Structure formats: C-alpha cells, structure tokens
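In what follows, a structure is listed as structure tokens, so that the remarks can point back to it.
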Amino acid sequence: MKLPFLRALPIGLAAAFCSVAAFAQQPIVIKFSHVVAVDTPKGKAADYFKKLAEERTKGKVKIEVYPNSQLYKDKEELEALQLGAVQMLAPSLAKFGPLGAREFEVFDLPFIFDDYSELHRVTQGPIGASLLKKLDSKGIIGLAFWDNGFKEMSANKPLRMPDDFRGQKLRIQSSKVLDVQMRALGATPQVMAFSEVYQALQTGVVDGTENPVSNFYTQKMYEVQKYLTISDHGYLGYAVIVNKKFWDGLPSELRTALEGAMKDATKFANDIAKKENDDALEAVKKSGKTQVIALTPAERTAWKKALLKVHQESESRIGKDLIQSIYKETGFDPSKF
Ligand code: LMR
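Taking my numbering, the leading residue of the sequence shown gets 4, the next gets one more, and so forth.
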C-alpha cells in the first residue's frame with residue numbers, strides 16, 4: 004500500500020499510523036484444537052474447514068489447527084475453550100459430560116444405531132439441532148456434528164462372547180454410559196485421555212480399548228493389541244463447538260462465511276468417514292500385527308443381549324424421553340434385541 008502523505012507526518016505519528024494500519028489488517032485467529040491424527044476423518048475435515056474458511060474470508064480469518072493433542076488433552080481442551088484460550092474444538096460426543104451436557108452420552112448407547120443413515124436422521128435432524136442448542140447455556144455454540152464411525156473392541160485376547168470380557172481392564176472415554184457398558188460385559192472400565200492410550204496398552208496399564216478403526220490404526224494401536232473384534236457395537240462421532248462470546252463477537256459477514264465453510268466441511272467429513280475407516284481396517288489387516296475377528300450372527304446376538312440393559316440403566320442420566328425420541332426416529336425396537 005502506497006501512503007505518500009505519511010512522508011509529510013512527523014516520524015512518531017507516521018509510525019503510529021503504520022502500526023494501527025497493520026493491526027487493522029491482522030487476521031482474526033481461530034485456534035482449532037483436536038486430539039486425533041491428521042490422517043483421520045476429523046483431522047481431514049478440520050484441515051478442509053481451514054482451507055474453506057481462509058479462502059472465503061479472503062484471509063481475514065486464519066484457522067490454526069492443532070492436531071494430536073499437541074495443544075491440549077481431552078479434558079484440558081474443554082477448559083481452554085471455556086476460558087477462550089482456544090476458539091474451536093470437535094470433541095467426541097462421549098466427552099460432553101464434564102460440560103454438564105450429559106444428554107450427548109445418548110450416542111454411546113450400545114447398538115442404538117445400525118448404520119450411518121439411521122444416525123444421520125438424528126444428528127442432521129431436529130433432535131441433533133436441539134442437542135446443540137443445549138450448549139448455549141454453557142457459553143458454547145454447537146455448530147455441527149461430524150462423523151467418525153462405529154467402534155470395534157480390541158484386546159490381547161480374542162473377544163468373541165461377553166464372557167471373554169471378564170476381568171479385562173478396558174480404557175474408555177469419560178462417558179458414564181461407556182462405564183456402564185463395560186461393566187455390563189464384566190470388564191473394568193478405566194477413563195483415560197486419548198493421548199495416553201497407546202502407552203497404557205503397551206505397558207499393560209489397560210488390556211484393551213474400543214474405537215473406530217481409523218483411530219486404532221493412526222494411533223498405531225495395532226502394534227500393541229493382538230486382536231480386534233469387528234463388533235460395531237456403538238458409535239463415535241463429534242460435535243464441532245466454539246466459544247460463544249468469541250463467535251457472537253465476530254463481524255457478521257465473517258461469521259456467515261464461516262458458517263458456510265462449516266456446512267461444506269461437515270458434508271466433507273460425513274462423506275469421507277466410512278471410507279477412511281474401511282481403508283484403515285485394510286491397513287490393520289495388512290500390518291499382520293493384529294488379528295481381526297468377525298462375529299458370527301449368534302455371537303453378535305449375545306453381545307446385544309448383554310448390552311441392552313445399558314439403555315435402561317442410562318435413562319436417569321440421559322433422559323428417557325430423549326432415548327425414546329431416538330428410538331422413534333430410527334425405528335429401534337428394544338424387544339427385537
Ligand atoms: C477417544 O478418545 O477415544 C476418541 O474419541 C478420540 C477422538 O477424538 O476420536
């Protein structure tokens with residue numbers, strides 16, 4: 004920018020003008036922290052959002068993505084968002100309990116969704132919208148739901164029948180529903196930050212864990228787990244959230260552009276998630292380090308029978324009405340378990 008009139012100003016004044024002009028051009032920075040690898044559905048979607056957001060705001064907004072718990076671990080990142088140390092996160096739905104949003108644990112109920120299309124009726128419909136709205140009172144705005152996928156169980160022994168879980172110490176996320184789930188199988192749950200899981204498996208602090216294969220593969224858990232049972236017993240996905248004060252304070256044209264970028268990044272996330280997990284499963288098989296176990300229909304039925312009680316036991320925590328409204332939306336019939 005050429006500013007010939009500056010030459011006519013006293014030096015101090017000209018310098019002050021320059022620094023104000025430079026300040027006015029500073030981009031607004033959004034720090035987006037997450038705990039998974041770059042090469043996962045969430046990691047790729049975060050990077051895609053960055054690209055769209057920076058393009059569409061013509062550089063007026065800069066998105067700094069911090070993957071792999073580089074900046075904060077699970078619990079700390081939620082605190083950092085509330086304090087305004089980061090502006091955007093996409094925690095797994097199993098991690099909203101500490102925010103006082105226990106309803107999000109409804110997504111942890113075993114076997115509640117058969118596939119992505121059933122799930123999307125909830126996350127992309129009115130139930131999803133009303134769940135996100137509940138975050139407002141916590142000083143947080145929920146922008147979108149992003150998929151990962153269905154969880155598999157891993158351990159150093161084959162987990163085929165519920166009895167096989169007896170005595171196993173299994174890492175879980177902070178959700179109380181997941182605690183009830185592991186106990187229903189006879190296992191001992193242990194809450195642990197995602198960034199600590201590999202080492203805990205390696206040193207035997209825990210015997211096994213659950214996650215979609217994209218996380219299992221990119222965290223190299225196949226190096227330290229002998230068996231992976233393709234159980235698809237529960238869902239793991241994310242809510243993208245922002246600090247409300249920050250978001251409401253953005254110039255409205257920038258906020259609109261960011262909302263558009265988020266809408267398109269959400270489509271991207273949900274389009275790639277299944278393939279990312281399918282590819283990760285092939286990669287795990289190729290590694291030759293973890294034996295992949297497919298359940299027979301009878302074994303799967305035994306898991307369902309052992310886990311249905313988790314739904315009833317979680318009613319007081321999550322709300323019976325919310326569970327029923329999801330059953331209605333997806334056609335889930337507990338009597339068919
Ligand atoms: C986990 O903590 O197991 C996962 O939810 C991590 C993630 O964000 O996918």
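We treat Cβ as the ideally placed atom computed from N, Cα and C, and that holds for glycine.
The structure displayed is predicted, hence computed values, not measured ones.
Under a three-way DSSP split, which group does Tyr75 fall into? coil
Among Ala93, Leu122 and Asn246, which one has its Cα closest to the Cα of Gly334? Leu122
What's the call for Val200, buried or exposed, on a 16-neighbour Cβ count within 10 Å? buried
Option nearest Tyr225 by Cα separation, candidates Ala301, Met156 and Gln176: Met156
How would you call Glu279, buried or exposed, if buried means at least 16 neighbouring beta carbons within 10 angstroms? buried
Return helix, strand or coil for Asn151, following the three-state DSSP convention. strand
Quick one: does the C-beta of Ser95 sit closer than 7 angstroms to a heavy atom of the ligand LMR? yes
Closest to Lys292 by CA distance: which of Lys248, Val38 and Phe219 is it? Phe219
Excluding sequence positions up to five away, which residues of its chain have a Cβ less than 6 angstroms from the Cβ of Thr60? Leu257 and Ala260
Check whether the Cβ of Lys45 lies closer than 7 angstroms to any heavy atom of the ligand LMR, and answer yes or no. yes
In chain order, what residues of the same chain have a beta carbon less than 7 angstroms from the beta carbon of Asp267, not counting five sequence neighbours either side? Leu55
Could you spell out where the alpha helix (DSSP H) holding Tyr201 opens and where it closes? Val200 to Thr206
Per the contact definition of three or more C-beta pairs closer than 8 angstroms, is the segment 112-127 in contact with the segment 197-215? no
Using a Cβ-Cβ cutoff of less than 8 angstroms, which residues in the same chain neighbour Ala286 once the five nearest sequence positions on both sides are dropped? Tyr220
Could you tell me if Arg174 is buried or exposed, where buried requires 16 or more neighbouring beta carbons within 10 angstroms of its beta carbon? buried
Touch check for the segment 293-303 and the segment 134-150: three-plus C-beta pairs under 8 angstroms? no
Exposed or buried, what is Asp251 when buried is set at 16 or more other beta-carbons lying within 10 Å of its beta-carbon? exposed
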